[in-house]
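So the sequence shown is numbered by our numbering: it starts at 9 and just counts up by one.
Here a beta-carbon is modelled for each residue, glycine too, at the ideal position from N, C-alpha and C.
For clarity, every value in this text was computed on a predicted model and none was experimentally measured.
First up is the structure itself, then whatever we jot down about it.
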Amino acid sequence: MRPHTLAALICQGLYEQVRALASAAGRPGAETSLVTGYGAMAETAVVSDLWDVSRDRLALDTFLGRHGYHGPAEGELAAHPWRVDRAPLHALLKAYRDMPEDRDPRVVEAQRTRERLCTEADVLAAVSPVKRPSARLTLRLAARFFPLRGVGKGAFLQCADVVRFVARAHGDHLAAEGVLADPCVIGTRTGTAALRTGDRVRVDGGRGEVLVLQRRRA
9 MRPHTLAALI
19 CQGLYEQVRA
29 LASAAGRPGA
39 ETSLVTGYGA
49 MAETAVVSDL
59 WDVSRDRLAL
69 DTFLGRHGYH
79 GPAEGELAAH
89 PWRVDRAPLH
99 ALLKAYRDMP
109 EDRDPRVVEA
119 QRTRERLCTE
129 ADVLAAVSPV
139 KRPSARLTLR
149 LAARFFPLRG
159 VGKGAFLQCA
169 DVVRFVARAH
179 GDHLAAEGVL
189 ADPCVIGTRT
199 GTAALRTGDR
209 VRVDGGRGEV
219 LVLQRRRA
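Here it is in C-alpha coordinates:
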(Lines of atoms letter the chains of each structure in order from A and count residues from 1; the text may use other names and numbers.)
(Lines give C-alpha, C1' and ligand atoms only; values in the text may rest on other atoms or scores of the structure.)
Protein backbone atom coordinates (compact mmCIF):
# COMPACT_ATOMS: atom_id res chain seq x y z
CA MET A 1 0.00 0.00 0.00
CA ARG A 2 2.91 2.40 0.59
CA PRO A 3 3.83 2.76 -3.12
CA HIS A 4 0.14 3.26 -3.98
CA THR A 5 -0.26 5.88 -1.24
CA LEU A 6 2.91 7.65 -2.38
CA ALA A 7 1.72 7.67 -5.99
CA ALA A 8 -1.65 9.07 -4.89
CA LEU A 9 0.02 11.89 -2.96
CA ILE A 10 2.30 12.70 -5.89
CA CYS A 11 -0.70 12.75 -8.25
CA GLN A 12 -2.56 15.11 -5.96
CA GLY A 13 0.32 17.56 -6.06
CA LEU A 14 0.76 17.13 -9.80
CA TYR A 15 -2.92 17.77 -10.42
CA GLU A 16 -2.65 21.11 -8.64
CA GLN A 17 0.39 22.00 -10.77
CA VAL A 18 -1.43 21.02 -13.97
CA ARG A 19 -4.44 23.09 -12.91
CA ALA A 20 -2.21 26.09 -12.21
CA LEU A 21 -0.54 25.59 -15.59
CA ALA A 22 -3.90 25.52 -17.39
CA SER A 23 -5.04 28.67 -15.62
CA ALA A 24 -1.78 30.46 -16.40
CA ALA A 25 -2.23 29.56 -20.07
CA GLY A 26 -5.72 31.05 -20.08
CA ARG A 27 -7.38 27.62 -20.20
CA PRO A 28 -9.03 27.18 -16.78
CA GLY A 29 -10.71 23.79 -16.53
CA ALA A 30 -8.45 22.24 -19.17
CA GLU A 31 -6.70 20.21 -16.44
CA THR A 32 -9.42 17.54 -16.78
CA SER A 33 -8.28 16.94 -20.36
CA LEU A 34 -4.60 17.12 -19.48
CA VAL A 35 -4.66 14.24 -16.97
CA THR A 36 -6.45 11.63 -19.05
CA GLY A 37 -6.07 9.74 -22.32
CA TYR A 38 -2.82 8.00 -21.39
CA GLY A 39 -3.63 4.81 -23.28
CA ALA A 40 -3.19 1.38 -21.68
CA MET A 41 -4.32 2.05 -18.11
CA ALA A 42 -5.58 -0.60 -15.67
CA GLU A 43 -9.14 0.71 -15.75
CA THR A 44 -9.14 0.77 -19.55
CA ALA A 45 -8.15 -2.92 -19.67
CA VAL A 46 -11.15 -3.90 -17.53
CA VAL A 47 -13.77 -1.97 -19.50
CA SER A 48 -12.21 -2.97 -22.84
CA ASP A 49 -12.40 -6.66 -21.93
CA LEU A 50 -15.92 -6.11 -20.63
CA TRP A 51 -16.83 -4.59 -24.00
CA ASP A 52 -15.35 -7.58 -25.81
CA VAL A 53 -17.41 -9.98 -23.71
CA SER A 54 -20.55 -8.01 -24.55
CA ARG A 55 -19.64 -8.41 -28.26
CA ASP A 56 -18.88 -12.15 -27.90
CA ARG A 57 -15.22 -11.56 -28.72
CA LEU A 58 -13.99 -12.73 -25.32
CA ALA A 59 -15.18 -15.68 -23.23
CA LEU A 60 -16.77 -14.82 -19.90
CA ASP A 61 -14.57 -17.32 -18.04
CA THR A 62 -11.47 -15.67 -19.53
CA PHE A 63 -12.73 -12.29 -18.40
CA LEU A 64 -13.33 -13.58 -14.88
CA GLY A 65 -9.87 -15.08 -14.80
CA ARG A 66 -8.45 -11.62 -15.47
CA HIS A 67 -10.84 -9.36 -13.61
CA GLY A 68 -13.00 -11.56 -11.37
CA TYR A 69 -11.80 -9.79 -8.22
CA HIS A 70 -13.77 -6.67 -9.21
CA GLY A 71 -17.40 -6.13 -8.31
CA PRO A 72 -19.79 -3.95 -6.27
CA ALA A 73 -18.15 -2.46 -3.15
CA GLU A 74 -15.01 -4.32 -4.22
CA GLY A 75 -12.84 -2.84 -1.49
CA GLU A 76 -14.97 -4.42 1.24
CA LEU A 77 -13.92 -7.89 2.39
CA ALA A 78 -17.59 -8.78 2.93
CA ALA A 79 -18.46 -7.94 -0.70
CA HIS A 80 -19.06 -10.59 -3.35
CA PRO A 81 -16.81 -10.01 -6.39
CA TRP A 82 -17.85 -11.00 -9.89
CA ARG A 83 -15.97 -14.28 -9.47
CA VAL A 84 -18.40 -15.26 -6.69
CA ASP A 85 -21.62 -13.52 -7.78
CA ARG A 86 -22.05 -13.01 -11.52
CA ALA A 87 -25.47 -11.32 -11.34
CA PRO A 88 -24.12 -7.71 -11.19
CA LEU A 89 -21.71 -8.54 -14.02
CA HIS A 90 -24.51 -9.87 -16.23
CA ALA A 91 -26.48 -6.67 -15.59
CA LEU A 92 -23.46 -4.62 -16.60
CA LEU A 93 -22.96 -6.69 -19.73
CA LYS A 94 -26.58 -6.09 -20.73
CA ALA A 95 -26.01 -2.34 -20.45
CA TYR A 96 -22.87 -2.64 -22.59
CA ARG A 97 -24.71 -4.63 -25.27
CA ASP A 98 -27.23 -1.81 -25.62
CA MET A 99 -24.50 0.76 -26.31
CA PRO A 100 -23.62 1.85 -29.87
CA GLU A 101 -20.25 0.84 -31.31
CA ASP A 102 -18.79 4.32 -30.94
CA ARG A 103 -18.88 3.80 -27.18
CA ASP A 104 -16.15 1.18 -27.42
CA PRO A 105 -13.74 2.06 -24.55
CA ARG A 106 -10.77 1.91 -26.91
CA VAL A 107 -12.44 4.41 -29.25
CA VAL A 108 -13.29 6.69 -26.34
CA GLU A 109 -9.73 6.43 -24.97
CA ALA A 110 -8.27 7.26 -28.38
CA GLN A 111 -10.49 10.35 -28.55
CA ARG A 112 -9.32 11.42 -25.09
CA THR A 113 -5.70 10.93 -26.12
CA ARG A 114 -6.15 13.18 -29.17
CA GLU A 115 -7.92 15.75 -27.01
CA ARG A 116 -5.12 15.68 -24.42
CA LEU A 117 -2.39 16.11 -27.05
CA CYS A 118 -4.21 19.03 -28.64
CA THR A 119 -4.78 20.64 -25.23
CA GLU A 120 -1.12 20.15 -24.30
CA ALA A 121 -0.05 21.86 -27.53
CA ASP A 122 -2.43 24.79 -26.88
CA VAL A 123 -1.23 25.21 -23.30
CA LEU A 124 2.46 25.03 -24.21
CA ALA A 125 1.94 27.56 -26.99
CA ALA A 126 0.18 29.93 -24.59
CA VAL A 127 2.86 30.00 -21.86
CA SER A 128 5.98 32.13 -22.22
CA PRO A 129 9.10 30.52 -23.72
CA VAL A 130 10.85 30.89 -20.35
CA LYS A 131 8.21 28.79 -18.55
CA ARG A 132 7.78 26.27 -21.35
CA PRO A 133 10.45 23.77 -20.17
CA SER A 134 8.94 23.55 -16.67
CA ALA A 135 5.47 23.20 -18.23
CA ARG A 136 6.70 20.29 -20.36
CA LEU A 137 8.22 18.66 -17.27
CA THR A 138 4.94 18.96 -15.37
CA LEU A 139 3.03 17.32 -18.22
CA ARG A 140 5.62 14.51 -18.53
CA LEU A 141 5.44 13.80 -14.82
CA ALA A 142 1.63 13.71 -14.99
CA ALA A 143 1.83 11.19 -17.84
CA ARG A 144 4.25 9.12 -15.77
CA PHE A 145 2.42 9.03 -12.44
CA PHE A 146 -1.32 9.31 -13.13
CA PRO A 147 -1.57 5.84 -14.75
CA LEU A 148 0.04 4.36 -11.60
CA ARG A 149 -3.07 5.10 -9.56
CA GLY A 150 -4.96 2.30 -11.30
CA VAL A 151 -2.03 -0.10 -10.87
CA GLY A 152 -1.94 0.49 -7.12
CA LYS A 153 -5.68 0.15 -6.76
CA GLY A 154 -5.67 -3.12 -8.72
CA ALA A 155 -2.91 -4.54 -6.52
CA PHE A 156 -4.84 -3.59 -3.37
CA LEU A 157 -8.02 -5.21 -4.68
CA GLN A 158 -6.19 -8.42 -5.59
CA CYS A 159 -4.72 -8.61 -2.08
CA ALA A 160 -8.16 -8.08 -0.59
CA ASP A 161 -9.55 -10.84 -2.80
CA VAL A 162 -6.88 -13.26 -1.56
CA VAL A 163 -7.84 -12.48 2.04
CA ARG A 164 -11.51 -12.94 1.12
CA PHE A 165 -10.81 -16.29 -0.55
CA VAL A 166 -8.74 -17.58 2.38
CA ALA A 167 -11.43 -16.55 4.86
CA ARG A 168 -14.12 -18.33 2.87
CA ALA A 169 -11.99 -21.46 2.49
CA HIS A 170 -11.30 -21.52 6.23
CA GLY A 171 -15.00 -20.95 6.89
CA ASP A 172 -15.89 -23.95 4.71
CA HIS A 173 -13.39 -26.04 6.67
CA LEU A 174 -14.90 -24.96 10.00
CA ALA A 175 -18.40 -25.65 8.67
CA ALA A 176 -17.34 -29.16 7.66
CA GLU A 177 -16.16 -29.71 11.23
CA GLY A 178 -19.45 -28.43 12.63
CA VAL A 179 -17.95 -25.31 14.17
CA LEU A 180 -19.87 -22.95 11.87
CA ALA A 181 -23.35 -23.40 10.47
CA ASP A 182 -23.13 -20.77 7.73
CA PRO A 183 -19.58 -19.74 6.71
CA CYS A 184 -19.41 -16.19 5.38
CA VAL A 185 -17.32 -13.06 5.38
CA ILE A 186 -18.92 -10.08 7.10
CA GLY A 187 -17.92 -6.45 7.42
CA THR A 188 -16.41 -6.13 10.89
CA ARG A 189 -16.40 -2.32 10.98
CA THR A 190 -15.65 -1.70 14.70
CA GLY A 191 -15.49 -5.42 15.44
CA THR A 192 -11.79 -5.40 16.28
CA ALA A 193 -12.49 -2.84 19.01
CA ALA A 194 -15.73 -4.38 20.29
CA LEU A 195 -14.66 -8.04 20.32
CA ARG A 196 -11.81 -9.80 22.09
CA THR A 197 -10.14 -13.16 21.53
CA GLY A 198 -12.13 -15.80 23.40
CA ASP A 199 -15.55 -14.11 23.15
CA ARG A 200 -18.34 -16.48 22.08
CA VAL A 201 -20.41 -14.98 19.29
CA ARG A 202 -23.17 -15.95 16.86
CA VAL A 203 -22.87 -14.66 13.30
CA ASP A 204 -25.89 -14.04 11.07
CA GLY A 205 -24.40 -13.89 7.58
CA GLY A 206 -27.71 -13.00 5.96
CA ARG A 207 -28.19 -9.91 8.09
CA GLY A 208 -24.52 -9.14 8.60
CA GLU A 209 -24.95 -9.22 12.39
CA VAL A 210 -22.73 -10.52 15.18
CA LEU A 211 -24.34 -11.33 18.55
CA VAL A 212 -22.06 -11.63 21.58
CA LEU A 213 -23.14 -14.71 23.54
CA GLN A 214 -20.52 -14.65 26.26
CA ARG A 215 -17.56 -12.44 27.03
CA ARG A 216 -14.20 -13.99 27.75
CA ARG A 217 -13.34 -13.86 31.41
CA ALA A 218 -10.41 -11.61 32.19
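Excluding residues up to 5 positions away in sequence, 41 and 45 lie with their Cβ nearer than 7 Å to the Cβ of residue 123 in the same chain. Around the Cβ of residue 185, a 10 Å sphere holds fewer than 16 other Cβ atoms; the residue is exposed. For residue 51, there is no enclosing beta strand (DSSP E); the residue is part of the alpha helix (DSSP H) that begins and ends at 50-62. A direct Cα-Cα distance of roughly 10 Å separates residue 107 from residue 59. Of all alpha-carbon atoms in 37, 16 and 116, the one lying nearest the alpha-carbon of residue 26 is that of 37. Cβ contact annotation for residue 16 (same chain, cutoff 8 Å, sequence separation greater than five): 157 and 160, in chain order. Between residue 83 and residue 90, the CB-CB gap reaches or exceeds 8 Å. If you check the CB distance, residue 220 and residue 212 do not come in under 8 Å.
Following the DSSP letters along the chain, one finds residue 94 in no alpha helix (DSSP H), marked with neither H nor E. Around the CB of residue 98, fewer than 16 other CB atoms lie within 10 Å, so the residue is classed as exposed. Cβ atoms of residue 134 and residue 34 come within 8 Å of each other, at about 6 Å. Residue environment for residue 24: exposed (fewer than 16 other C-beta atoms within 10 angstroms of its C-beta).
Around residue 19, the same chain offers 153, 154 and 157 as residues with beta carbons nearer than 7 Å, after the five sequence neighbours per side are excluded. The beta carbon of residue 114 lies closer than 6 Å to those of 56 in the same chain, with the five residues before and after it left out.
In this chain, the beta strand (DSSP E) harbouring residue 212 covers 208-212. Residue 26 carries a helical assignment under DSSP once its states are collapsed to helix, strand and coil. Sequence-distant partners of residue 168 (beyond 5 residues in either direction) whose C-beta falls short of 7 Å from its own C-beta, in its chain, are 83 and 85. Sequence-distant partners of residue 88 (beyond 5 residues in either direction) whose C-beta falls short of 7 Å from its own C-beta, in its chain, are 79. Across the set 121, 105, 138 and 223, the C-alpha of 223 shows the shortest separation from the C-alpha of residue 204.
Under the 10 Å beta carbon count, residue 22 is surrounded by 16 or more other beta carbons and is classified as buried. Between residue 105 and residue 62, the C-beta gap is smaller than 8 Å, which places the two residues in contact.
Beta bridge pairing from DSSP links residue 20 with no other residue. Cβ neighbours of residue 142 within its own chain (closer than 8 Å, five residues either side excluded): none.
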